[in-house]
Amino acid sequence: MNINHEWPSTAEEAIVIQQSLRDQVITTDQLDDVQYVAGVDVGFEAEGSITRAAVAVLTLSDLQVCDRAIARRPTSFPYIPGFLSFREVPAVLDAIALLTMTPDLLLCDGQGIAHPRRLGIACHLGLLTNIPSIGVAKSLLVGRHAEVGNEKGDRQPLIHKGELVGVALRTRPKTKPLYISLGHRISLETAITYVLHCTTKYRLPETTRHAHRLASGPAIDQPESSTTPARDQPPEQMSLWS
DNA sequence: GCGACAG
DNA sequence: ATCTTGTCGC
Numbered sequence: 002m003n004i005n006h007e008w009p010s011t012a013e014e015a016i017v018i019q020q021s022l023r024d025q026v027i028t029t030d031q032l033d034d035v036q037y038v039a040g041v042d043v044g045f046e047a048e049g050s051i052t053r054a055a056v057a058v059l060t061l062s063d064l065q066v067c068d069r070a071i072a073r074r075p076t077s078f079p080y081i082p083g084f085l086s087f088r089e090v091p092a093v094l095d096a097i098a099l100l101t102m103t104p105d106l107l108l109c110d111g112q113g114i115a116h117p118r119r120l121g122i123a124c125h126l127g128l129l130t131n132i133p134s135i136g137v138a139k140s141l142l143v144g145r146h147a148e149v150g151n152e153k154g155d156r157q158p159l160i161h162k163g164e165l166v167g168v169a170l171r172t173r174p175k176t177k178p179l180y181i182s183l184g185h186r187i188s189l190e191t192a193i194t195y196v197l198h199c200t201t202k203y204r205l206p207e208t209t210r211h212a213h214r215l216a217s218g219p220a221i222d223q224p225e226s227s228t229t230p231a232r233d234q235p236p237e238q239m240s241l242w243s
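Position 129, counted from 1, in the first sequence is what my numbering calls 130; the numbers after and before it change by one each time, with no gaps.
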């Protein structure tokens, strides 16, 4: 199947794409032997006019950084809650293309299926790359959960519209829980296992943010990005919740 | 109708 | 995403 699609310029177009992709997300384990895990960090610079993505690849066995890349490009889609992937994914694909190897699993900054239309950035990225992916978010987009216990590994189901969409997971005592939701080709229990393993060495925001700390070092920047022209400011407050 | 809203 | 304030632990 070909999941390539035109890149939208409006949220209305983006909704159509999200709805066409949501049923292609696989929520069972389809991983090969996982040797390399990539933390993907997304964000922006220069008041939002530049989108950037950083990827740090770690060995699963000892969590050593073995590859990294960072990419920037003019922002081609505004940040609208529920549409983060349309702003960030092009830069992430740039960064992944700069790697010297292909990761076996992506830990993605943001939500997976814990999303109004079940297609957060981790799902979108997993589908476009066909790499198993996990959404690891620092705050909630949708859903609710009971209070999480204070021991590492404690978790509570994250429920949205009566569906289990992820977990709130305590990766360390005394810190905010992280919100884990499926991206693609992995089950929730397996995802939790990988997140807990990776957070034994780095706090998770750092497994993804580690990409930046490291990638910001000796500039491994890409040559030129002359693809997408910068776009106008977000059209006021858009609210296109489902 | 009002608030909430990944990064 | 960003900013600020307060508290604790090394």
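Beta carbons are placed, not taken as given, at the ideal position from N, Cα and C, and that holds for glycine.
S182: first and last residue of the uninterrupted beta strand (DSSP E) it sits in: L179 to H185
Terminal residues of the alpha helix (DSSP H) in which F45 lies: Here F45 belongs to no alpha helix (DSSP H); instead the beta strand (DSSP E) covers Y37 to E46.
Sequence-distant residues of the same chain with beta carbon closer than 6 angstroms to V166, five excluded per side: I114, A115, G144, L159 and S182
CA nearest to the CA of G184, picked from I18, Q31 and E14: Q31
Same chain, Cβ closer than 6 angstroms to R156, five either side skipped, listed in chain order: V168 and L170
Segment contact flag, the stretch 125 to 141 with the stretch 57 to 66, C-beta cutoff 8 angstroms, min 3 pairs: no
Spatial distance of L197 from E152 (CA atoms): 12 angstroms
Alpha carbon of S270 to alpha carbon of P104, nearest angstrom: Absent from the structure is residue 270, since the part of the chain shown begins at 2 and ends at 243.
Short Cβ contact (8 angstroms threshold) for D95 with A72: yes
Under 8 angstroms between C-beta atoms of L99 and A70: yes
Closest residue to E48 among E164, P79, I27 and A192 (Cα-Cα distance): P79
Secondary structure of I18, DSSP reduced to three states: helix
Anticipated Cβ contact below 8 angstroms, L22 with H125, distance rounded: 7 angstroms
Outcome for A147 when other beta-carbon atoms lying within 10 angstroms are tallied against a minimum of 16: exposed
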